[in-house]
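**Q** I'd like to ask some things about the structure below.
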Amino acid sequence: MDWGVMLSYLPLYRDALLLTLRIGWQGVALALALGVVCALTLHLRLPVLRQIVTAYIELFRNTPLLVQLFFLYFALPKVGVRLSPDACGTLGLGLLGGAYMAETFRSGLDNIPTIQSESAQSLGMTRLQAFRYVILPQAVSSSVPGLVANVVFLLKETSVFSTISLMDLMFTAKDLIGMYAKTLECLTLLVVFYLIMLLPVSFLGSAIERRLRYAEFGDRRTV
Amino acid sequence: MQSLGIDVLFKGRNLLRLLGGLWVAVRISLISVALSIVLGLLIGVLMTGKSPVLRGVFRLYLETVRILPQMVLLFIVYFGTTRLFGWNLSAEVSAVFVFTFWGAAEMGDLVRGAILSIPSIQRESAQALGMTPRQVYGYVILPQTVRRLIPLSINLITRMIKTTSLVMMIGMVEVLKVAQQIIEANRRTSPNAAFGLFAVVFLLYFAICWPISRLAGYLEKRWA
Chain A
294 MDWGVMLSYL
304 PLYRDALLLT
314 LRIGWQGVAL
324 ALALGVVCAL
334 TLHLRLPVLR
344 QIVTAYIELF
354 RNTPLLVQLF
364 FLYFALPKVG
374 VRLSPDACGT
384 LGLGLLGGAY
394 MAETFRSGLD
404 NIPTIQSESA
414 QSLGMTRLQA
424 FRYVILPQAV
434 SSSVPGLVAN
444 VVFLLKETSV
454 FSTISLMDLM
464 FTAKDLIGMY
474 AKTLECLTLL
484 VVFYLIMLLP
494 VSFLGSAIER
504 RLRYAEFGDR
514 RTV
Chain B
-17 MQSLGIDVLF
-7 KGRNLLRLLG
3 GLWVAVRISL
13 ISVALSIVLG
23 LLIGVLMTGK
33 SPVLRGVFRL
43 YLETVRILPQ
53 MVLLFIVYFG
63 TTRLFGWNLS
73 AEVSAVFVFT
83 FWGAAEMGDL
93 VRGAILSIPS
103 IQRESAQALG
113 MTPRQVYGYV
123 ILPQTVRRLI
133 PLSINLITRM
143 IKTTSLVMMI
153 GMVEVLKVAQ
163 QIIEANRRTS
173 PNAAFGLFAV
183 VFLLYFAICW
193 PISRLAGYLE
203 KRWA
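Protein chains in written order, with my numbering: chain A, 294 to 516; chain B, -17 to 206.
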């Protein structure tokens, strides 16, 4: 191990981390927004829209992000849609994540027994109130663990961004290995930087999960 | 508007080459899944065992594999270990190794979850009937576990197939790479071929993964 070399690479890796984080979080935000809209569409059984959403979810859940990015970045310009690598990364991650988030939200919504909304309505709440004050809080708390798992999954998936010439961690490592052949140093830094990015999210996830379990109706820990 | 590359697809042996590329990816995932299932069963059983050391070791293994992107693992094995130990690994061997390493961890966790989901009264009743620990596993726990596991491991196959698209990054010629080669070769005659070819690759992946995940969903509902 050549520590001096590793030290000199640090700024490059830091920039790459920042880029990965920036596009990663933009993608996650887009995914959450898309996921909520799609899950509500499915939950409320809106005609026509529901079929479109189902097709979208199936299509993006059953193809790799790498192939989706290639389509966005190399194929779409041929029909006149030209996107920057940044936009492609965000959009690709957002579309992939949206499909996963939608599934997680939807199962959260669908797992609330119908008696909950019936009871709320019999107490004189309107459908909107029942949804806002009874269904939604329970659905959100039961889908949080899945959502956090999705976020970790999406941040990991950013590792294919290098193929559309985004200078992310993977790109930087590959580039440096290609130029200076300090393979082990570059790979060690790569692992360290991915851990810096992913470990906090993963820990935050388990903390949130414990907190929500604590507030959950009935104590499931003893079962 | 010029042709979008569908004609290129039917030129010469292009379609066959593309399918051949897809087979490279699918073959790696099938081999890895087969190995993962065998190793995963073993790991899963060990993870539910009594020894805290063993449980800790497997926990660490699982978390390590889960937290790192598969691409990083591929790079470590393909570029890192070859450098460190000076051996020669082909891209395919590295890929199978990495995907098995990852798949066995995931499978082990699924097996662990499935075993723990069998109520303990099943094990106790079997013991009360005078079965030996081996018989309890063979006749009571495993048959029920396997039934719960099958839909989950089918899901693992689709995840595996999707992940094998990464082998392009360590220089294997799989379906995306073949598509790129075909596009390059036809750059002059049909400059827009990228659209048709990448769309076809997209649909090919969907055509393989979708039926498999539908099957998993169906079995999950039926056997739940």
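Beta carbons: idealized from backbone N, C-alpha and C, even for Gly. Computed from a prediction, not measured in an experiment: that's the story for all the values here.
Do the segment 434 to 453 of chain A and the segment 387 to 398 of chain A meet, that is, are 3 or more Cβ pairs less than 8 Å apart?
**A** Flag = yes, the segment 434 to 453 of chain A and the segment 387 to 398 of chain A touch.
**Q** Give me the residue from B:Leu124, B:Gly112, B:Phe81 and B:Gly85 with the minimum Cα distance to B:Pro101.
**A** Selected option, being the one with the closest Cα: B:Leu124.
**Q** Given a cut-off of 9 Å, decide if B:Ser11 and B:Thr145 are closer than it, judged by their beta-carbon atoms.
**A** In this structure, B:Ser11 lies closer than 9 Å to B:Thr145 by Cβ.
**Q** Any residues in the segment 180 to 194 of chain B with a beta carbon nearer than 7 Å to a beta carbon of chain A? Which ones, in chain order?
**A** If the cut-off is 7 Å between Cβ atoms, the segment 180 to 194 of chain B has Phe180, Ala181, Val183, Phe184, Tyr187, Phe188, Cys191 and Trp192 near chain A.
**Q** Shorter than 9 Å from the beta carbon of A:Ile470 to some beta carbon of chain B?
**A** Yes, contact with chain B.
**Q** With a threshold of 9 Å between beta-carbons, can A:Arg354 be considered close to chain B, or not?
**A** For A:Arg354, the answer is yes, since a Cβ of chain B falls inside 9 Å of its Cβ.
**Q** Thinking C-alpha only, which one of A:Gln319, A:Leu333, A:Leu303 and A:Tyr306 is nearest A:Ile428?
**A** Cα-wise, what sits closest to A:Ile428 is A:Leu333.
**Q** Quick one: does A:Phe398 have its CB under 9 Å from some CB of chain B?
**A** By this cut-off, A:Phe398 is not an interface position.
**Q** Does the segment 476 to 490 of chain A come within contact of the segment 333 to 345 of chain A, defined as at least 3 CB pairs closer than 8 Å?
**A** In short, these stretches do not touch, since the Cβ pair count stays below three.
**Q** At the level of alpha carbons, what is the spacing between B:Arg65 and B:Val59?
**A** Going from the Cα of B:Arg65 to the Cα of B:Val59 covers about 9 Å.
**Q** Could you check the C-alpha separation between A:Ser301 and A:Ile470 for me, to the nearest Å?
**A** Straight-line Cα distance between these residues: approximately 14 Å.
**Q** Could you spell out where the alpha helix (DSSP H) holding A:Trp318 opens and where it closes?
**A** Where A:Trp318 is concerned, the enclosing alpha helix (DSSP H) stretches over Trp296 to His336.
**Q** Using only the alpha-carbon positions, how far apart do A:Trp318 and B:Arg116 sit?
**A** Cα to Cα, A:Trp318 sits roughly 50 Å from B:Arg116.
**Q** Closer than 9 Å between beta carbons: that is the criterion. Which residues of the segment 46 to 78 of chain B meet it against chain E?
**A** Considering every chain present, this structure includes no chain E. Its protein chains are A and B.
**Q** Per DSSP, what kind of secondary structure is B:Lys203 in: helix, strand or coil?
**A** Residue state, collapsed to three classes: helix.
**Q** Counting only Cβ-Cβ distances shorter than 9 Å, please list the residues of the segment 133 to 164 of chain B near chain A, keeping chain order.
**A** Within the segment 133 to 164 of chain B, the residues whose Cβ lies closer than 9 Å to some Cβ of chain A are Thr140, Ile143, Lys144, Thr145, Thr146, Ser147, Leu148, Met150, Met151, Val157, Leu158, Ala161 and Gln162, listed in chain order.
**Q** Does the contact criterion of 3 or more C-beta pairs under 8 Å hold for the segment 452 to 472 of chain A versus the segment 408 to 415 of chain A?
**A** Contact between the segment 452 to 472 of chain A and the segment 408 to 415 of chain A is absent, because fewer than three Cβ pairs lie under 8 Å.
**Q** Could you tell me the distance, in whole angstroms, from the CA atom of B:Met156 to the CA atom of A:Val360?
**A** Rather than Met, the amino acid found at residue 156 of chain B in this sequence is Glu. About 12 Å.
**Q** Measuring only the C-alpha atoms, how far is B:Leu44 from B:Met89?
**A** If you take the alpha carbons of B:Leu44 and B:Met89, they lie about 10 Å apart.
**Q** In angstroms with no decimal places, state the Cα-to-Cα distance between A:Arg570 and B:Val35.
**A** Missing from the structure shown is residue 570 of chain A; chain A here goes from 294 to 516 and no further.
**Q** Judging by CA-CA distance, which residue of A:Ala368, A:Thr356, A:Ala326 and A:Arg315 is the nearest neighbour of B:Phe177?
**A** Among A:Ala368, A:Thr356, A:Ala326 and A:Arg315, the Cα nearest to that of B:Phe177 is on A:Ala368.
**Q** Select from B:Ser135, B:Arg129, B:Val(-10) and B:Ile165 the residue whose C-alpha is nearest the C-alpha of B:Arg204.
**A** Checked all of B:Ser135, B:Arg129, B:Val(-10) and B:Ile165; the closest Cα to B:Arg204 is B:Arg129.
**Q** Assuming A:Lys371 and B:Asn174 make a contact with CB atoms under 8 Å, what is their CB distance in whole Å?
**A** That belief holds up - the Cβ atoms of A:Lys371 and B:Asn174 are roughly 4 Å apart, short of 8 Å.
**Q** Compute the Euclidean distance between the alpha carbons of B:Arg(-5) and B:Asn168, then round it to the nearest angstrom.
**A** So the two alpha carbons sit approximately 13 Å from each other.
**Q** What separation, rounded to the nearest whole angstrom, lies between the Cα atoms of B:Asn70 and A:Met294?
**A** Cα to Cα, the separation comes out at about 21 Å.
**Q** At a Cβ cut of 8 Å, what residues of the segment 461 to 488 of chain A count as close to chain B, listed as they run along the chain?
**A** Residues passing the 8 Å Cβ filter: Met463, Ala466, Lys467, Ile470, Thr476, Leu477, Leu480, Leu483, Val484, Tyr487 and Leu488.
**Q** Give the secondary structure of B:Ile97 by DSSP, where H, G and I count as helix, E and B as strand, and everything else as coil.
**A** Here B:Ile97 sits in helix by DSSP.
**Q** Output needed in chain order: residues of the segment 79 to 101 of chain B with a Cβ under 8 Å from some Cβ in chain A.
**A** Within the segment 79 to 101 of chain B, no residue has a Cβ that lies closer than 8 Å to any Cβ of chain A.
**Q** Looking at the structure shown, is B:Lys159 part of a helix, part of a strand, or coil, going by DSSP?
**A** Helix, per DSSP.
**Q** List, in order along the chain, the chain A residues whose C-beta lies closer than 9 Å to that of B:Phe177?
**A** Chain A residues near B:Phe177: Phe364, Phe367, Ala368, Leu369, Pro370, Lys371 and Val372.
**Q** Who are the neighbours of A:Ser495 on chain B, taking C-beta pairs under 9 Å?
**A** The contacting residues are Glu45, Arg48 and Ile49.
**Q** I need the straight-line Cα distance from B:Gly112 to B:Val27, nearest angstrom please.
**A** So the two alpha carbons sit approximately 21 Å from each other.
**Q** What does a CB cutoff of less than 6 Å around A:Lys475 pick up in its chain, not counting 5 residues either side in sequence?
**A** Only Val298 meet the Cβ criterion.
**Q** Check each candidate in A:Ser400, A:Gln344, A:Gly498 and A:Leu459 and name the one with the smallest Cα separation from A:Val444.
**A** Out of A:Ser400, A:Gln344, A:Gly498 and A:Leu459, A:Gly498 has the C-alpha closest to the C-alpha of A:Val444.
**Q** Determine the extent of the alpha helix (DSSP H) in which A:Asp403 is found, giving its start and end residues.
**A** Residues Pro378 to Asp403.
**Q** Under a CB-based cut-off of 9 Å, is A:Phe357 close to chain B?
**A** The sequence given here places Pro at residue 357 of chain A; Phe does not occur at that position. For A:Pro357, the answer is yes, since a Cβ of chain B falls inside 9 Å of its Cβ.
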